[in-house]
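In terms of full-length UniProt numbering, the sequence shown is residues 1 to 630.
A virtual CB, placed ideally from N, CA and C, is assigned to each residue, including glycine.
What follows is a short report on a single structure.
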Amino acid sequence: MTVEPTFLFPDGNTSYPFDITAECNEIHGLNESLQCLFVMTNEDCLEIIEYLDYNHYVFCGSGLKTATATLAIWLAVLFISLGVTSNYFLCPALFTISEHLGLSQNVAGVTLLAFGNGSPDIFSSVAGLQKASAELAIASLVGAGMFVTTVVAGSVFLTRNFTLMIRPFLRDLSFYIVAIGWTLALFFAGKSYLYHGIGFVALYLVYIIVVLGSRYIYVNRQKQREKENASEKKKKEEKKKEEANKKDNVPSITIDGLQVPTFDVVTYDNDPEATAVVLKAFYFGGFEWVDEGRRMSRGQINLEERRRSMIAIRKNSIFATEGSVSCHSIQSNGMSSTEKLAPEIVDRGEFFDLLIQVCPINLEKWSKLKWWKKVIVILKSPSILVMRLTVPVLDNSQEDFNWNRLLICVQCVTGPLFVSLVSEYAFYMVGGVLPVFVLLAAVCITCAVIVFCTSERFIPPVYHYLFAYLGFAVAVTWIYALANEIVALLQVFGVIFDLSDAILGLTILAWGNSISDFLSNIAVARKDFPRMAISACFGGPLLALLLGLGIPCIIEIIKGRVPAAQPLKLSAEFVFLFVAIGIGLLMTASLMIVWKFHTRRAYGVFLIALYVAFVTLSLIEELGVFELPL
């Protein structure tokens, strides 16, 4: 937003009582009567604006305290929306895409799903670098890694004592130490160049090769051992032992002293070559991994069987006009035992199904929720409502893949139009006559009509997987837009409280992006997967750092331009950050080796205390209580 000087000074005088090229934080040295004019003309203040002009609202609006409180609530909503989009909309789309492409668990884990898991950190970094704030981007990535490898990992250690998966733990920890060391070297160089980003991409590719290579070697060795063992046995003994092995190899758990077989236990936690980097979708989306590199969900059955099941259920319920279908009527129709247990269904029309699907609140469970859970639901509701109206979600854990024909038709229109608006191509003129927005709207409406005419109400069409790709594109666009707005808003808080980009990145931005990691990792650890959770505490931040610093480089290469090197200053906050994360990583590696990779709860307390000490020192230094000589 550029303000013409003639509007500010009717006499045409273009001089200002301040330096319009100064930093936006210099506003604190001006009288309140000049602060509004300053934020409307200062170049640094104007560069902060993304979609909304927060500086104008704060310094030209209804008062600093009221505006600050309002923006704090809005920041929380943005962080919640970012987590909701990543967990509930992007990750399911990536699961479906990886399944459609036939990717194994390790290939998907270090590519598509790693991107989905680290998307909040990655796009926050992209937003920071695009606003020429490399310090904010790096602080958020390394700060989030510090939080996850200390607080989250420490909390996992506190849940129980367990044995680490040695190879993936050492592999991820070693790569992460190299990545952190490389990032620290950027500060000693004083600038971040394009080839540095290319180097992080190259390191990411090396990591992929190591992961897939070790997995390949591990699987081949296992097969070779099986062949050698089988060749040494006689045919009679082989048959007897095979029958015994079939009984013995059934996964089981001990309940009250009895061995009870469990056929749905995820063995990903026991795989010594597992990547274990994607836990948000595991926790929030209901997806599960199994052996042999294939992914399954709880509802993974043949598509035709699902369709026949859905047809049978719907046919016996759609004509029920008096209220509900009785158990007697279901049993008399000769339905299967699974279908007899299905809930009673009342058909109220396709539009009512659309309203139920879009509604962000589960009205049936609302009255049973505790008050604080209701508050969380209310905060999440606006973002869920908007996302459901724009982002298609195919859930393989549902019998009907979460199919809703009317909703998909709506999303065929709203999703692409939203992408065009965010990409700023919506109002480009085609041939100097027709805006892109109008042409795209016509195409989208046509596609929606085709989908409606070529699909059925209750049965997903054969091309339903295509909507996962649309959901991916729209979800990524939402995350990009939200991350940009969060970074812009944090910079405004930096102006209000006179805080540096470094402290904002390593605290507020890092916490906001890591809260879902904390919730999901702890939940998975409590569900008897502590090794999987601790592996994610190092594999997740590693890939987020590599992709977060590498993807902006890829974007610039695609744009066909080489940006100028961004200056980096090794401030006191970064000194504390790199020293603390270095101590945490090196001590974790050393002690786990000494303890033979057996964890101890006491070490979890130390990691959490280390993070508290780091944050305390950083805040004290930022407030000017003492200064670290550099």
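Self-check item: Per-residue DSSP class, three states only, for HIS598
Solution: As a position in the sequence shown, residue 598 is number 598, starting the count at 1. Here HIS598 sits in strand by DSSP.
Practice problem: Return the chain-ordered list of same chain residues with a C-beta closer than 8 Å to the C-beta of LYS77, the five sequence neighbours on each side being excluded. | Solution: The sequence position of residue 77 within the sequence shown is 77, counting from 1. Checking the sequence, you will find Val at residue 77 rather than Lys. Correct list, in chain order: LEU379, PRO382, SER383.
Self-check item: Start-to-end residues for the alpha helix (DSSP H) that takes in VAL56
Solution: The residue you call residue 56 lines up with position 56 of the sequence shown. First, the residue type needs correcting, since residue 56 is His and not Val in the sequence shown. First-last of the alpha helix (DSSP H) with HIS56: 54-59.
Exercise. Please state whether DSSP places PRO251 in a helix, a strand or coil.
Key: Translated into the one-based positions of the sequence shown, residue 251 becomes position 251. For PRO251, the pLDDT reaches just 48, beneath the cut-off of 50, and the residue's location in the model is therefore unreliable, although a value from the coordinates is still provided. Of the three classes helix, strand and coil, the one that applies to PRO251 here is coil, per DSSP.
Self-check item: residue 631, enclosing alpha helix (DSSP H) - first and last residue
Solution: Only positions 1 to 630 of the chain appear in the structure, and residue 631 is not among them; the question remains open.
Practice problem: Using the Cα positions of ALA442 and SER420, report the straight-line distance between them to the nearest angstrom. | Solution: Locating residue 442 in the sequence shown gives position 442, where the first residue counts as 1. Locating residue 420 in the sequence shown gives position 420, where the first residue counts as 1. ALA442 and SER420 have their C-alpha atoms spaced approximately 13 Å apart.
Practice problem: Quick one: residues in its chain with C-beta nearer than 7 Å to the C-beta of HIS28, no 5 flanking neighbours on either side, listed in chain order? | Solution: Within the sequence shown, numbered from 1, the residue matching residue 28 stands at position 28. Taken in chain order, the residues that qualify are ASP498.
Quiz item: How many angstroms separate the CA atom of LEU504 from the CA atom of MET592?
Solution: Within the sequence shown, numbered from 1, the residue matching residue 504 stands at position 504. Within the sequence shown, numbered from 1, the residue matching residue 592 stands at position 592. Each residue's alpha carbon lies about 32 Å from the other.
Quiz item: To which residues of the same chain is ALA502 closer than 7 Å at the C-beta, ignoring the five residues directly before and after it?
Solution: Here residue 502 refers to the residue found at position 502 of the sequence shown. Within the same chain, ALA502 has close Cβ partners GLU135, ALA139, SER571, GLU573, PHE574.
Quiz item: Can you list, in chain order, the residues of its chain whose CB lies under 6 Å from that of LEU619, leaving out five sequence neighbours each side?
Solution: Numbered from its first residue, the sequence shown carries residue 619 at position 619. The beta carbon of LEU619 sits closer than 6 Å to none of the beta carbons in its chain outside the five residues before and after it.
Exercise. Would you list the residues sitting across from THR70 in a DSSP beta bridge?
Key: Against the sequence shown, residue 70 aligns to sequence position 70. Answer is none; THR70 lacks a bridge partner.
Quiz item: Beta carbon of LEU113, beta carbon of LEU94: below 8 Å?
Solution: The residue you call residue 113 lines up with position 113 of the sequence shown. The residue you call residue 94 lines up with position 94 of the sequence shown. Yes.
Quiz item: Which runs of the alpha helix (DSSP H), 4 residues or longer, sit entirely within the segment 347-402?
Solution: DSSP runs (the alpha helix (DSSP H)) wholly in the segment 347-402: 350-358, 363-366, 371-390.
Quiz item: Where does SER192 fall in DSSP's three states?
Solution: Taking the first residue of the sequence shown as position 1, residue 192 is located at position 192. Three-state DSSP puts SER192 in a strand.
Quiz item: Residue range of the alpha helix (DSSP H) that ASP517 falls in?
Solution: For the purposes of this step, residue 517 is identified with residue 517 of the sequence shown, where counting begins at 1. Where ASP517 is concerned, the enclosing alpha helix (DSSP H) stretches over 510-526.
Quiz item: When the Cα of TRP478 is compared with those of PHE175, LEU90, MET429, which residue comes out closest?
Solution: Indexing the sequence shown from 1 puts residue 478 at position 478. Residue LEU90 holds the alpha-carbon nearest to the alpha-carbon of TRP478 among PHE175, LEU90, MET429.
Exercise. Give the DSSP-derived three-state secondary structure of VAL430 in the structure shown.
Key: Residue 430 sits at position 430 when you count from the first residue of the sequence shown. In this structure, VAL430 counts as strand in the three-state DSSP scheme.
Quiz item: Is the segment 197-217 touching the segment 577-591 in the sense that three or more CB pairs, one from each, lie closer than 8 Å?
Solution: The segment 577-591 vs the segment 197-217: no contact.
Quiz item: Just how far apart, CA to CA, sit LEU279 and ASN521?
Solution: Here the question's residue 279 lines up with position 279 in the sequence shown. Here the question's residue 521 lines up with position 521 in the sequence shown. Annotation note: pLDDT 45 at LEU279 (below 50); position unreliable, no value reported.
Practice problem: Please classify ALA475: does DSSP put it in a helix, a strand, or coil? | Solution: Position 475 of the sequence shown holds residue 475. Helix, per DSSP.
Quiz item: Do the segment 55-69 and the segment 34-41 touch if we need at least three Cβ pairs shorter than 8 Å?
Solution: Touching, yes, given that three or more Cβ pairs across the two stretches are closer than 8 Å.
Quiz item: So with Cβ pairs under 8 Å, would you call LEU607 a contact of chain B?
Solution: The question asks about chain B, but that chain is absent: this structure has only one protein chain.
Quiz item: Which partner residues does GLN566 have in the DSSP bridge list?
Solution: Taking the first residue of the sequence shown as 1, we reach residue 566 at position 566. According to DSSP, GLN566 bridges with SER192.
Practice problem: Pick out whichever of ALA475, PHE458, LEU466, CYS447 has its Cα sitting closest to the Cα of LEU389. | Solution: For the purposes of this step, residue 389 is taken as the residue at position 389 of the sequence shown. Closest by alpha carbon: ALA475.
Quiz prompt | Nonlocal neighbours in the same chain, by C-beta distance under 8 Å from LEU129, ignoring five residues either side | solution = Position 129 of the sequence shown holds residue 129. Residues of the same chain with a CB within less than 8 Å of the CB of LEU129, apart from the 5 flanking positions on each side, are ALA137, PRO552, GLN566 in chain order.
Self-check item: LEU417 versus SER86 - alpha carbon distance
Solution: For this step, residue 417 is matched to residue 417 along the sequence shown. For this step, residue 86 is matched to residue 86 along the sequence shown. In this model, LEU417 and SER86 are separated by some 20 Å (Cα to Cα).
Exercise. Quick one: give me the first and last residue of the alpha helix (DSSP H) that PHE123 is part of.
Key: Position 123 of the sequence shown, counted from the first residue, corresponds to residue 123. For PHE123, the uninterrupted alpha helix (DSSP H) segment begins and ends at 119-130.
Quiz item: Looking at C-beta atoms only, is the number of pairs between the segment 15-32 and the segment 455-468 that lie closer than 8 Å three or more?
Solution: At 8 Å Cβ cutoff, the stretches do not touch.
Quiz item: THR163 by DSSP, collapsed to three states: which one?
Solution: What you label residue 163 is simply residue 163 of the sequence shown in a count that begins at 1. Reduced to three states, the DSSP call for THR163 is strand.
Quiz item: Taking buried to mean at least 16 other C-beta atoms within 10 Å of its own C-beta, is ARG601 buried or exposed?
Solution: Within the sequence shown, the letter at position 601 stands for residue 601. Counting the other CB atoms within 10 Å of its CB gives ARG601 a total below 16, which places it among the exposed residues.
Practice problem: Give every residue of the same chain whose Cβ lies closer than 6 Å to the Cβ of CYS444, excluding the five residues on either side of it in the sequence, and list them in chain order. | Solution: Here residue 444 refers to the residue found at position 444 of the sequence shown. The answer, listed in chain order, is CYS412, VAL413, PRO416.
Quiz item: So ASP501 is in the alpha helix (DSSP H); what residue range does that whole segment cover?
Solution: To locate residue 501, count along the sequence shown from 1; it is residue 501. Here the alpha helix (DSSP H) through ASP501 covers 501-504.
Quiz prompt | DSSP state of ASN404 mapped onto helix, strand, coil | solution = As a position in the sequence shown, residue 404 is number 404, starting the count at 1. When secondary structure is reduced to three states using DSSP, ASN404 falls in the coil class, being assigned neither helix nor strand.
Quiz prompt | Where ASP498 sits in the DSSP three-state scheme | solution = Reading the sequence shown from its first residue, position 498 is the one you call residue 498. Coil.
Quiz item: At a cut of 8 Å, does the segment 106-125 reach the segment 170-187 through at least three beta carbon pairs?
Solution: At 8 Å Cβ cutoff, the stretches do not touch.
Practice problem: Below 8 Å on the Cβ atoms is my guess for VAL492 versus LEU71; work out the distance and round it to an integer in Å. | Solution: Here residue 492 is taken as the residue at index 492 of the sequence shown, counted from 1. Here residue 71 is taken as the residue at index 71 of the sequence shown, counted from 1. The C-beta distance from VAL492 to LEU71 rounds to 7 Å, short enough to meet the 8 Å contact threshold.
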